[in-house]
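Asker: Input: one structure, supplied below.
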Amino acid sequence: MKIVGKNESECILCGTCESICSEHYFKEDNREKSRIQVSEIDEDPGVDINVCNQCGDCIDACPVLALSRAKSGIVILNRKKCISCFNCVGACPTDSMFFREDEDNPYKCIACARCTKECPTEAIFMEEAEL
Amino acid sequence: MTLSVENVRTSRKVLAEMEYTPAGIDKGYSGKSLYVNLSEGKIEPKTVTREMKDIFTGGKGFGLWYLWQAVTPKTKWNDPENEIVISAGPIGGITQYPGSGKSLVVTLSPTTNSIMDSNVGGYFGPYLKFSGWDALELQGKSAKDVVLYIDGDTGKVTLEEIELETGASHLVSEILTEAFAESEEDKKHISVVSTGSGADNTLIGLLNFSWYDPRRKAVRMKQAGRGGIGTVFRDKKLKALVVRFSGLTGKNNNPVDFGKIQKAGVKIHKEINNFDDVQCRMRQAGTANLMTTMNDYDLLPVMNFQYGSHPEGKKISTEVFISKFTQNIYDGCWYGCSMSCCKAVDDFELKTGPFKGEKVVVDGPEYENAAALGSNWGIFDPDFIIEANFYCDTYGIDTISTGTMMAFIMECYENGIIDKEITGGLELNFGNQEAAMELLHQMGQGRGFGKIAGLAIRRMKEFFVKEYGADPDFLQDIGMEAKGLEYSEYLSKESLAQQGGFGLANKGPQHDEAWLIFMDMVNNQIPTFEDKAEALHYFPMFRTWFGLQGLCKLPWNDIEPEGNKQLEEANKVPEHVQNYVDIFNGVTGKNIDKEELIRQSERVYNFQRVFNLRMGFGKREHDKVPYRSQGPVTVKEYESRAERYDGQLKELGYDPESMSTEEKVKVMRQHREEMYEKLMDAVYLRRGWTNDGVPKLETLKALGIDFPEVVEVVKNHL
Numbered sequence: 030m031k032i033v034g035k036n037e038s039e040c041i042l043c044g045t046c047e048s049i050c051s052e053h054y055f056k057e058d059n060r061e062k063s064r065i066q067v068s069e070i071d072e073d074p075g076v077d078i079n080v081c082n083q084c085g086d087c088i089d090a091c092p093v094l095a096l097s098r099a100k101s102g103i104v105i106l107n108r109k110k111c112i113s114c115f116n117c118v119g120a121c122p123t124d125s126m127f128f129r130e131d132e133d134n135p136y137k138c139i140a141c142a143r144c145t146k147e148c149p150t151e152a153i154f155m156e157e158a159e160l
Numbered sequence: 114m115t116l117s118v119e120n121v122r123t124s125r126k127v128l129a130e131m132e133y134t135p136a137g138i139d140k141g142y143s144g145k146s147l148y149v150n151l152s153e154g155k156i157e158p159k160t161v162t163r164e165m166k167d168i169f170t171g172g173k174g175f176g177l178w179y180l181w182q183a184v185t186p187k188t189k190w191n192d193p194e195n196e197i198v199i200s201a202g203p204i205g206g207i208t209q210y211p212g213s214g215k216s217l218v219v220t221l222s223p224t225t226n227s228i229m230d231s232n233v234g235g236y237f238g239p240y241l242k243f244s245g246w247d248a249l250e251l252q253g254k255s256a257k258d259v260v261l262y263i264d265g266d267t268g269k270v271t272l273e274e275i276e277l278e279t280g281a282s283h284l285v286s287e288i289l290t291e292a293f294a295e296s297e298e299d300k301k302h303i304s305v306v307s308t309g310s311g312a313d314n315t316l317i318g319l320l321n322f323s324w325y326d327p328r329r330k331a332v333r334m335k336q337a338g339r340g341g342i343g344t345v346f347r348d349k350k351l352k353a354l355v356v357r358f359s360g361l362t363g364k365n366n367n368p369v370d371f372g373k374i375q376k377a378g379v380k381i382h383k384e385i386n387n388f389d390d391v392q393c394r395m396r397q398a399g400t401a402n403l404m405t406t407m408n409d410y411d412l413l414p415v416m417n418f419q420y421g422s423h424p425e426g427k428k429i430s431t432e433v434f435i436s437k438f439t440q441n442i443y444d445g446c447w448y449g450c451s452m453s454c455c456k457a458v459d460d461f462e463l464k465t466g467p468f469k470g471e472k473v474v475v476d477g478p479e480y481e482n483a484a485a486l487g488s489n490w491g492i493f494d495p496d497f498i499i500e501a502n503f504y505c506d507t508y509g510i511d512t513i514s515t516g517t518m519m520a521f522i523m524e525c526y527e528n529g530i531i532d533k534e535i536t537g538g539l540e541l542n543f544g545n546q547e548a549a550m551e552l553l554h555q556m557g558q559g560r561g562f563g564k565i566a567g568l569a570i571r572r573m574k575e576f577f578v579k580e581y582g583a584d585p586d587f588l589q590d591i592g593m594e595a596k597g598l599e600y601s602e603y604l605s606k607e608s609l610a611q612q613g614g615f616g617l618a619n620k621g622p623q624h625d626e627a628w629l630i631f632m633d634m635v636n637n638q639i640p641t642f643e644d645k646a647e648a649l650h651y652f653p654m655f656r657t658w659f660g661l662q663g664l665c666k667l668p669w670n671d672i673e674p675e676g677n678k679q680l681e682e683a684n685k686v687p688e689h690v691q692n693y694v695d696i697f698n699g700v701t702g703k704n705i706d707k708e709e710l711i712r713q714s715e716r717v718y719n720f721q722r723v724f725n726l727r728m729g730f731g732k733r734e735h736d737k738v739p740y741r742s743q744g745p746v747t748v749k750e751y752e753s754r755a756e757r758y759d760g761q762l763k764e765l766g767y768d769p770e771s772m773s774t775e776e777k778v779k780v781m782r783q784h785r786e787e788m789y790e791k792l793m794d795a796v797y798l799r800r801g802w803t804n805d806g807v808p809k810l811e812t813l814k815a816l817g818i819d820f821p822e823v824v825e826v827v828k829n830h831l
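Chains A and B, in that order, are what the protein sequence lines are. Residues in the first sequence are numbered from 30 upward in steps of one, following the numbering used here. Residues in the second sequence are numbered from 114 upward in steps of one, following the numbering used here.
Here it is as structure tokens:
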């Protein structure tokens with residue numbers, strides 16, 4: 030499957046990926062609502078890019094089977110089934126399942142590749158990963 | 114007529130009905146309760162008043178208040194006016210915090226003749242509320258077996274006759290789920306409350322509350338086990354309750370501050386994900402995680418609570434049950450429970466009884482069941498325990514009472530108080546699996562000696578004395594019941610605080626009020642009477658709160674946040690207490706703090722004590738306990754822990770070397786019984802009760818529950 034890969038040492042913290050993501054999925058330019066989260070950290074290389082690696086641990090945690098793998102292998106949330114328990118947020122080993130007070134459902138990267146196309150430094154890119 | 118979905122659907126005959134517009138939920142309450150009179154076929158709504166919410170909060174509080182109004186001091190458990198009340202509480206049904214889907218059940222018990230309450234998982238309570246009802250009152254007695262159906266989708270309640278010719282609760286749950294669901298996807302919208310033939314044939318009947326497990330594609334059941342609530346259910350000729358609600362979201366409670374609840378929920382979900390594997394392992398073993406610890410710490414009841422461990426205990430260790438439970442699967446009995454402790458054994462092939470040879474899903478065994486149906490009978494075979502667990506549930510009999518009661522029978526048998534002739538050929542020695550399983554089937558089916566066993570310990574003691582000339586004092590010492598309820602499965606004899614935790618509990622010796630053994634015996638954190646009394650005030654009050662809200666106790670302290678152990682009040686798990694304050698405020702919009710949380714409980718707890726008093730109980734004499742729960746009854750028991758007991762006698766100024774074991778047993782007993790009396794003095798003082806265990810008027814006034822009918826009851830005892 031194709032997932033979003035990352036090379037944090039190339040990231041310049043421009044926020045383009047976050048803007049594109051939030052605009053596409055939430056129709057607003059709000060980096061806090063992005064499904065990829067970029068932040069400055071003290072440790073090398075100074076940047077953390079938090080994006081889902083599609084490991085699927087969240088699937089087992091969902092009580093209503095709202096999380097599943099699409100044919101592509103990507104983990105997707107069926108929002109019609111979701112009952113807002115946020116178990117998946119707790120179960121995510123990389124903290125890449127996000128939530129906000131003003132959103133009923135959690136949200137995550139579904140590897141749509143929009144952000145990778147616009148990244149000016151190729152800090153994020155699409156890469157092949159095994160299921 | 115055979116039991117099939119088609120037959121159930123076509124045999125439905127409506128006896129009474131009521132259409133309604135489901136009340137929208139506002140801040141955790143629908144503001145309405147549903148009253149059903151089974152004698153008259155009457156179904157009507159009631160208004161939940163603001164005073165009810167302010168004084169009784171919800172859940173068990175509502176149950177007690179409705180029951181208080183329904184009965185008189187003369188009412189017995191099988192009188193028509195007795196009620197079964199089911200209520201979820203204001204927090205009940207939120208999906209963001211683990212353990213938030215509990216139903217609280219209240220009735221007059223056939224074994225204690227007083228107030229019984231039980232806290233149970235499954236979907237019924239939340240679905241009942243979201244269907245528009247904060248509580249359900251079931252009063253009267255039907256002439257024929259009936260099913261009550263609450264359709265929260267269309268707004269209709271019907272009392273129906275349905276052909277359900279089975280005494281197996283798991284089949285009743287399955288068949289009604291199938292019959293009322295329109296598709297596989299629809300099954301999760303149904304919850305069934307039912308019991309089995311054991312509830313017709315014993316006084317320890319339970320209620321099974323169902324939930325649908327979409328991964329196993331199986332109907333699962335959780336139990337309102339204690340005190341014979343299922344027996345009351347069948348006495349009313351109720352076969353089942355069915356609720357349907359298909360509109361579940363994360364916001365059905367219409368909470369005031371969703372973000373506050375969400376934040377607390379995500380925080381504890383992460384704690385569970387990060388620490389459960391190195392703390393309690395609830396997700397792997399459920400409460401059976403305690404099996405190894407209890408055996409190691411000499412706390413596992415073995416052979417009717419005589420001993421606390423056994424070399425064969427390793428055969429029923431935590432690891433053994435982990436190997437039996439299906440792993441890495443969501444096992445929450447309500448949506449969103451990340452603790453996920455409702456473990457199951459899949460594809461278990463039964464070896465005995467009416468379902469011999471069938472493969473079934475067995476819920477549990479939980480710790481209590483494994484100890485009750487295993488070590489306490491001197492049986493250390495996990496497959497036997499799983500089978501006994503399945504049959505207790507489907508017959509609808511309480512695993513804890515069955516366990517403790519059977520252990521009592523076995524000790525009576527070993528002491529020659531009863532024999533093969535009396536038991537109908539069953540050699541009920543400790544460890545006899547075949548005889549124990551046969552007696553369980555006899556209880557479930559109302560046959561043979563099972564009819565005597567099903568009376569439970571208090572009545573059996575009277576029966577054995579009257580019919581077989583048994584020594585009443587010895588039976589009082591070894592019969593592990595108090596207030597008429599069988600003890601749950603922890604050895605309390607080396608922890609004075611836990612003796613009080615059991616003995617002073619409002620409904621009888623169940624550990625849901627206080628579990629202080631480690632704090633007291635192992636860690637020595639509450640050495641003085643005042644310390645123990647404070648613990649026996651705070652913890653029962655704090656734990657009562659779960660029953661007011663529709664919550665489970667387990668996520669409170671079966672997972673701890675990082676750094677909790679270093680805190681001064683680590684036993685209270687302060688961060689989680691704050692979570693509870695936050696989610697209550699988040700749902701209701703109120704602004705309580707941790708002190709008001711305790712006051713909410715104190716109102717209900719003291720009301721329950723007064724209610725016991727009203728029914729002829731609830732005083733010091735009723736808080737007495739069997740000596741087996743306090744210390745070694747027999748020489749053999751003393752000698753099994755001689756070093757420990759001799760050491761204690763030396764500390765008391767005795768010279769054990771110069772005494773016979775009989776003498777040592779006697780002086781040990783005298784000392785321990787005195788300690789328990791002093792403990793009662795200290796606890797009553799702390800709780801604001803008289804030395805006879807009666808809540809003082811100033812206590813009732815301070816709590817705002819000094820209404821005339823309460824004062825009227827109390828003043829006769831002051």
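For glycine and all other residues, C-beta sits at the position ideal for the given N, C-alpha and C.
1) Would you check if the stretch 186-206 of chain B and the stretch 344-354 of chain B touch, i.e. whether three or more CB-CB distances between them fall below 8 Å?
2) Who are E271 of chain B's beta bridge partners in DSSP?
3) What three-state label does DSSP hand M114 of chain B in the structure shown?
4) Taking 6 Å as the limit between beta carbons, can you name the residues of its chain near N36 of chain A, skipping five residues before and five after?
5) Give a yes or no on whether the minimum CB-CB distance between G75 of chain B and chain A is below 8 Å.
6) Could you name each continuous beta strand (DSSP E) segment of 3 residues or more that falls completely within the stretch 84-135 of chain A, going from the start of the chain to the end?
7) Straight-line CA distance for K56 of chain A to I49 of chain A?
8) With distances taken Cα to Cα, identify the nearest neighbour of L147 of chain B among B:D139, B:T188, B:I374, B:D264.
9) Please state the DSSP three-state secondary structure of T160 of chain B.
10) Using 8 Å as the cut-off, can you tell me whether the stretch 86-106 of chain A makes contact with the stretch 57-71 of chain A, which would need three or more C-beta pairs spanning the two stretches below that distance?
11) Spell out the partners DSSP gives E462 of chain B in its beta bridges.
12) Would you mind telling me which residues of chain A sit closer than 7 Å to V379 of chain B, beta carbon to beta carbon, in chain order?
13) For R524 of chain B, which of helix, strand or coil comes out of DSSP?
14) Along chain B, which residues have their Cβ under 9 Å away from the Cβ of D133 of chain A?
15) Beta-carbon of K140 of chain B versus every beta-carbon of chain A: anything under 8 Å?
16) Just checking my contact of L649 of chain B with G614 of chain B at CB under 8 Å: how many whole Å lie between their CB atoms?
17) Enumerated in chain order, which unbroken segments of the beta strand (DSSP E) with a length of 3 residues or greater are wholly contained in the stretch 392-423 of chain B?
18) Expressed to the nearest angstrom, what Euclidean distance is found between the alpha-carbon atoms of I535 of chain B and S422 of chain B?
19) Could you name the residues of chain A that Y448 of chain B contacts, counting a contact when the two beta carbons are closer than 8 Å?
20) Could you name the residues of chain B that D25 of chain A contacts, counting a contact when the two beta carbons are closer than 9 Å?
21) For K906 of chain B, which of B:G449, B:G760, B:N366 has the nearest alpha-carbon?
22) Give me the subset of the stretch 431-444 of chain B whose CB atoms are less than 8 Å from a CB atom of chain A, sorted by chain position.
23) List the DSSP bridge partners of P72 of chain B.
24) Please list the partners that K242 of chain B has in chain A, where partner means a Cβ-to-Cβ separation under 9 Å.
25) From E787 of chain B to D819 of chain B, what distance separates their C-alpha atoms?
26) Is the beta carbon of I565 of chain B less than 8 Å from the beta carbon of F576 of chain B?
27) Measuring alpha carbon to alpha carbon, tell me which residue in A:K110, A:D86, A:S125, A:C81 is nearest D299 of chain B.
28) Does S451 of chain B have its Cβ less than 8 Å from a Cβ in chain A?
29) At least one CB of chain A closer than 8 Å to the CB of H302 of chain B: is that the case?
30) Between the Cα of A610 of chain B and the Cα atoms of B:E602, B:S152, B:K645, which residue gives the shortest distance?
31) Thinking C-beta only, is S222 of chain B closer than 8 Å to W246 of chain B?
32) Give, in chain order, every unbroken run of the alpha helix (DSSP H) that is at least 4 residues long and sits entirely within the stretch 513-564 of chain B.
33) Within its chain, find whatever has a CB closer than 7 Å to the CB of G75 of chain A; leave out the 5 residues flanking it on each side and keep chain order.
34) Sorted by chain position, which residues of the same chain lie with C-beta nearer than 8 Å to A183 of chain B's C-beta, five sequence neighbours on each side aside?
35) Using a Cβ-Cβ cut-off of less than 8 Å, list which residues of the stretch 65-89 of chain A approach chain B; keep chain order.
36) Have a look at B:P211, B:G206, B:G205 and flag the residue whose alpha-carbon is nearest the alpha-carbon of F115 of chain A.
Answerer: Well, looking at it:
1) A contact exists between the stretch 344-354 of chain B and the stretch 186-206 of chain B.
2) Locating residue 271 of chain B in the second sequence gives position 158, counting from the first residue. First, the amino acid is wrong: residue 271 of chain B is Thr here, not Glu. DSSP, once it has assigned bridges, lists B:E130, B:Y262 as partnering T271 of chain B.
3) What you label residue 114 of chain B is simply residue 1 of the second sequence in a count that begins at 1. Summary for M114 of chain B: the model assigns pLDDT 46, below 50, so the residue's position carries little reliability; its value from the coordinates is reported in the next sentence. Of the three classes helix, strand and coil, the one that applies to M114 of chain B here is coil, per DSSP.
4) Residue mapping note: residue 36 of chain A aligns to position 7 of the first sequence, counting from 1. Sequence-distant partners of N36 of chain A (beyond 5 residues in either direction) whose C-beta falls short of 6 Å from its own C-beta, in its chain, are A152.
5) Past the boundaries of the shown model lies residue 75 of chain B; chain B is included only from 114 to 831, so the question cannot be answered.
6) Fully enclosed beta strand (DSSP E) runs of 3 or longer: 96-98, 104-106.
7) Within the first sequence, residue 56 of chain A is the residue found at index 27, counting from 1. Within the first sequence, residue 49 of chain A is the residue found at index 20, counting from 1. I49 of chain A has its alpha-carbon roughly 9 Å from the corresponding atom of K56 of chain A.
8) Position 34 of the second sequence holds residue 147 of chain B. When only C-alpha atoms are compared, the closest one is B:D264.
9) If you number the second sequence from 1, residue 160 of chain B lands on position 47. In the structure shown, T160 of chain B sits in a strand (DSSP, three-state: E or B).
10) No: fewer than three Cβ pairs fall under 8 Å.
11) Working through the second sequence from its first residue, we reach residue 462 of chain B at position 349. Paired residues: B:K472.
12) Translated into the one-based positions of the second sequence, residue 379 of chain B becomes position 266. Against V379 of chain B, the close residues of chain A are F115, V118, G119, F128, in the order they occur along the chain (beta-carbon pairs closer than 7 Å).
13) Taking the second sequence and counting its residues from 1, the one referred to as residue 524 of chain B is at position 411. Note on identity: in this sequence residue 524 of chain B is Glu, with Arg being the wrong assignment. Reduced to three states, the DSSP call for E524 of chain B is helix.
14) The residue you call residue 133 of chain A lines up with position 104 of the first sequence. Residues of chain B with a Cβ closer than 9 Å to the Cβ of D133 of chain A are, in chain order, T362, G363, K364, F371.
15) Within the second sequence, the letter at position 27 stands for residue 140 of chain B. With 8 Å as the cut-off, K140 of chain B does not count as an interface residue toward chain A.
16) What you label residue 649 of chain B is simply residue 536 of the second sequence in a count that begins at 1. What you label residue 614 of chain B is simply residue 501 of the second sequence in a count that begins at 1. With a contact defined as Cβ atoms closer than 8 Å, L649 of chain B and G614 of chain B qualify at about 7 Å.
17) Entirely contained in the stretch 392-423 of chain B, not one beta strand (DSSP E) run reaches 3 residues.
18) Locating residue 535 of chain B in the second sequence gives position 422, where the first residue counts as 1. Locating residue 422 of chain B in the second sequence gives position 309, where the first residue counts as 1. The alpha-carbon atoms of I535 of chain B and S422 of chain B are separated by roughly 30 Å.
19) Here residue 448 of chain B refers to the residue found at position 335 of the second sequence. Correct list: P92, V93, I112, C114.
20) With chain A represented from 30 up to 160, any question about residue 25 of chain A goes unanswered, as that position is not in the structure.
21) Absent from the model: residue 906 of chain B. The displayed extent of chain B is 114 to 831, so no value can be given.
22) Near chain A, meaning a CB-to-CB distance below 8 Å, the residues of the stretch 431-444 of chain B are N441, I442, Y443.
23) Here chain B covers residues 114 to 831 and nothing more, so residue 72 of chain B does not appear.
24) For this step, residue 242 of chain B is matched to residue 129 along the second sequence. Within 9 Å Cβ-Cβ: nothing; K242 of chain B doesn't reach chain A, min ~15 Å.
25) Your numbering for residue 787 of chain B matches position 674 in the second sequence. Your numbering for residue 819 of chain B matches position 706 in the second sequence. Between the alpha carbons of E787 of chain B and D819 of chain B lies a gap of roughly 33 Å.
26) Stepping through the second sequence from its first residue, residue 565 of chain B is reached at position 452. Stepping through the second sequence from its first residue, residue 576 of chain B is reached at position 463. Yes, the pair counts as a contact, with Cβ atoms nearer than the cut-off.
27) Position 186 of the second sequence, counting from 1, holds the residue named residue 299 of chain B. The candidate whose alpha carbon is nearest that of D299 of chain B is A:K110.
28) For the purposes of this step, residue 451 of chain B is identified with residue 338 of the second sequence, where counting begins at 1. Yes - at least one Cβ of chain A is within 8 Å of the one on S451 of chain B.
29) Indexing the second sequence from 1 puts residue 302 of chain B at position 189. Output row for H302 of chain B: interface = no.
30) For the purposes of this step, residue 610 of chain B is taken as residue 497 along the second sequence, with counting starting at 1. Here the closest residue by C-alpha is B:K645.
31) In the second sequence, the residue the question calls residue 246 of chain B occupies position 133. In the second sequence, the residue the question calls residue 222 of chain B occupies position 109. In this structure, W246 of chain B sits away from S222 of chain B, with a CB-CB distance that is not shorter than 8 Å.
32) Runs found: 533-536, 546-558.
33) Translated into positions along the first sequence, residue 75 of chain A becomes position 46. Within the same chain, G75 of chain A has close Cβ partners E69.
34) Start at 1 with the first residue of the second sequence, and residue 183 of chain B comes out as number 70. For A183 of chain B, where only same-chain residues beyond five positions count, the Cβ hits under 8 Å are E194, N195, E196, E250, Q252.
35) Answer set for the stretch 65-89 of chain A: D89.
36) Translated into positions along the first sequence, residue 115 of chain A becomes position 86. Measuring C-alpha to C-alpha distances from F115 of chain A to each of B:P211, B:G206, B:G205 identifies B:P211 as the nearest.
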